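This report refers to the structure that appears directly beneath it.
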Amino acid sequence: MRSFSYSRPSALDEACQGAESVRFLAGGTNLIDLMKSDVERPAHVVDIKSLPMRDITDRPDGGLRLGALVTNADTAAHPLVTGRYPLLASAILAGASPQIRNMATNGGNLNQRTRCHYFYDPAMACNKRSPGTGCAARGGRNRIMAVLGTSDACIATFPSDMCIALAALNATVNLHGPQGERTVSVRDYHRLPGDTPWRDNVLQPGEIVTAIDLPLAPFGPHHTYLKIRDRQSFAFAIVSVAVGLQMEDGRIRRGSIALGGVGTKPWCVPEAEALLNGQPPSHSLFRDVAERLLHGAVADRDNAAKIRLAPRVIERALWQAAVGTPQSQTDKAIR
1 MRSFSYSRPS
11 ALDEACQGAE
21 SVRFLAGGTN
31 LIDLMKSDVE
41 RPAHVVDIKS
51 LPMRDITDRP
61 DGGLRLGALV
71 TNADTAAHPL
81 VTGRYPLLAS
91 AILAGASPQI
101 RNMATNGGNL
111 NQRTRCHYFY
121 DPAMACNKRS
131 PGTGCAARGG
141 RNRIMAVLGT
151 SDACIATFPS
161 DMCIALAALN
171 ATVNLHGPQG
181 ERTVSVRDYH
191 RLPGDTPWRD
201 NVLQPGEIVT
211 AIDLPLAPFG
221 PHHTYLKIRD
231 RQSFAFAIVS
241 VAVGLQMEDG
251 RIRRGSIALG
261 GVGTKPWCVP
271 EAEALLNGQP
281 PSHSLFRDVA
291 ERLLHGAVAD
301 RDNAAKIRLA
311 PRVIERALWQ
321 AAVGTPQSQT
331 DKAIR
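Each residue of the sequence shown is one higher than the one before, counting from 1 in UniProt numbering.
See below:
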């Protein structure tokens with residue numbers, strides 16, 4: 001780990017310094033690992049753990065506000081989350097390990113970087129880590145890499161479970177920076193790699209995530225977070241699906257879907273979601289939705305299995321949500 005300066009501000013405006021070389025430290029579950037691996041080399045680290053962003057509160061519109069510094073574990077266990085947003089609680093519990101969830105924060109989860117092994121190895125070419133050096137994952141050992149949203153410059157997979165549920169819930173991210181406050185839809189927060197894969201999200205220098213807002217979620221029991229992975233715990237998704245369905249008289253009034261494990265960002269396709277509106281659940285409908293969600297998927301050597309597996313996971317998740325039997329994160333059997 002390289003030397004760096006350190007500060008621990010007590011006020012939000014004091015923390016927002018606006019320098020490219022500054023990194024914000026919250027739970028540290030991702031940043032510290034990257035610094036130890038010599039992937040992140042900040043000149044200055046701003047410890048934001050003292051800032052007042054540790055609450056989960058009701059919103060006037062009936063939604064919920066999640067403070068950026070609330071831990072993943074506390075979020076998943078909070079009665080307002082388990083009662084109103086069980087989809088989010090389930091996705092959080094599907095991620096990482098209890099020890100990491102006890103430290104990781106909501107804002108940190110939102111901003112975590114890819115777990116691509118080429119990104120983590122400074123000896124390998126990686127445009128996301130070192131712009132212009134190339135992408136060693138292309139043609140390499142890339143079974144875990146993305147098949148949607150990729151570019152010639154990067155095929156790294158987006159790693160978060162929590163963010164997939166936030167995308168399905170149409171959450172909003174609250175930001176504070178040198179230019180003031182703004183809000184961004186979580187579906188627009190993360191960037192496709194394109195020609196600038198080192199830019200993971202829309203954060204500007206000095207901006208901090210202060211909270212995440214959840215709108216009303218009228219799904220009741222008709223939701224699920226289904227995650228397929230190599231082992232049952234502490235593993236990233238090969239394919240994951242977050243689904244929420246608003247059911248009425250046996251028909252799907254409205255549906256919301258987000259995919260994880262297959263894209264360079266949480267993957268949502270509004271046209272695919274629109275196919276569900278007003279329709280009764282059926283195998284043919286869910287096949288059509290899966291096909292539309294995966295339109296444009298491109299394999300690279302080892303990851304073609306994701307394209308074959310994903311439609312089955314999407315269809316299974318849609319059925320779980322339709323019949324109101326969400327996937328359990330303790331009993332891993334897929335019903």
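Here a beta-carbon is modelled for each residue, glycine too, at the ideal position from N, C-alpha and C.
Being a predicted model, the structure only gives us computed values, none of them experimental.
- request: Grab the span of the alpha helix (DSSP H) containing residue 290 for me, first residue to last.
  value: Where residue 290 is concerned, the enclosing alpha helix (DSSP H) stretches over 283-293.
message: Tell me the rounded alpha-carbon separation between residue 201 and residue 226.
response: The straight-line gap from Cα to Cα measures roughly 25 Å.
query: Which stretch, first to last residue, makes up the beta strand (DSSP E) that contains residue 46?
result: DSSP places residue 46 in the uninterrupted beta strand (DSSP E) bounded by 44-47.
query: Smallest Cα separation from residue 114: which of 39, 132, 169 and 94?
result: For the residues 39, 132, 169 and 94, the minimum Cα distance to residue 114 belongs to 39.
query: Among all the DSSP beta bridges, which residues are the ones paired with residue 248?
result: 251
query: Terminal residues of the continuous beta strand (DSSP E) containing residue 187?
result: Counting along the chain, residue 187 falls outside any beta strand (DSSP E), though it belongs to the alpha helix (DSSP H) covering 186-189.
- request: State whether the region 98-105 contacts the region 124-135, with contact taken as three or more CB pairs (one from each stretch) at a distance under 8 Å.
  value: Cβ pair count under 8 Å is below three, so no.
message: Just verifying my parser: in three-state terms, what is the DSSP assignment at residue 39?
response: coil
- prompt: Could you give the uninterrupted runs of the beta strand (DSSP E) lying entirely in the region 74-140, keeping only those of 3 residues or more?
  reply: none
query: Along the chain, where does the alpha helix (DSSP H) that runs through residue 306 open and close?
result: It spans 304-323 - the alpha helix (DSSP H) in which residue 306 sits, taken as one unbroken run.
- prompt: Cβ atoms of residue 275 and residue 289: under 8 Å apart, would you say?
  reply: yes
message: Taking the beta strand (DSSP E) that residue 66 belongs to, which residues open and close that run?
response: 64-67
message: By alpha-carbon positions, which one of 312, 158, 14 and 251 ends up nearest to residue 278?
response: 251
Spatial neighbours of residue 197 in its chain, beta-carbon cut-off 6 Å, leaving aside the 5 residues before and after: 127, 128, 153 and 154
query: What residue does the beta strand (DSSP E) around residue 211 start on, and which one ends it?
result: 208-214
message: Relative to the C-alpha of residue 166, which candidate in 47, 244 and 143 has its C-alpha closest?
response: In terms of CA proximity to residue 166, 244 leads the group 47, 244 and 143.
query: What is the residue span of the beta strand (DSSP E) that residue 300 lies within?
result: From DSSP, residue 300 is part of no beta strand (DSSP E); its letter is neither H nor E.
task: Could you please give me the residues that DSSP links to residue 267 through a beta bridge?
output: 259
query: In three-state DSSP terms, what is residue 352?
result: The structure shown does not extend to residue 352, since the chain is modelled only from 1 to 335, so the question has no answer here.
message: Does residue 181 pass the burial test, meaning 16 or more other C-beta atoms within 10 Å, or should it be called exposed?
response: exposed
Residue 228, enclosing beta strand (DSSP E) - first and last residue: 223-229
message: With distance defined between alpha-carbon atoms, name the residue in 171, 177, 325 and 44 nearest to residue 187.
response: 171
query: How far does the alpha helix (DSSP H) with residue 12 in it reach, from first residue to last?
result: For residue 12, the uninterrupted alpha helix (DSSP H) segment begins and ends at 12-15.
query: For residue 175, is the beta carbon positioned less than 7 Å from some heavy atom of the ligand HEM?
result: Ligands displayed in this structure: none; no statement on the ligand HEM is therefore possible.
message: Taking only three categories from DSSP, how would you classify residue 175?
response: strand
Opening and closing residue of the alpha helix (DSSP H) in which residue 276 lies: It is not in any alpha helix (DSSP H) - residue 276 carries neither H nor E in the DSSP assignment.
field: Residue range of the unbroken alpha helix (DSSP H) whose run includes residue 192
entry: First-last for residue 192: undefined, no H or E at that position.
Rounded straight-line distance, which links the Cα of residue 148 to that of residue 118: 19 Å
query: When burial is assigned at 16 or more other CB atoms within 10 Å of the CB, is residue 94 buried or exposed?
result: buried
query: Should the region 65-79 be called in touch with the region 133-144, which here means at least 3 C-beta pairs below 8 Å?
result: No contact exists between the region 65-79 and the region 133-144.
field: Alpha-carbon to alpha-carbon, residue 246 and residue 212
entry: Distance between the alpha carbons of residue 212 and residue 246 is about 22 Å.
query: For residue 296, which residues does DSSP report across the bridge?
result: In the DSSP assignment, residue 296 forms no beta bridge with any residue.
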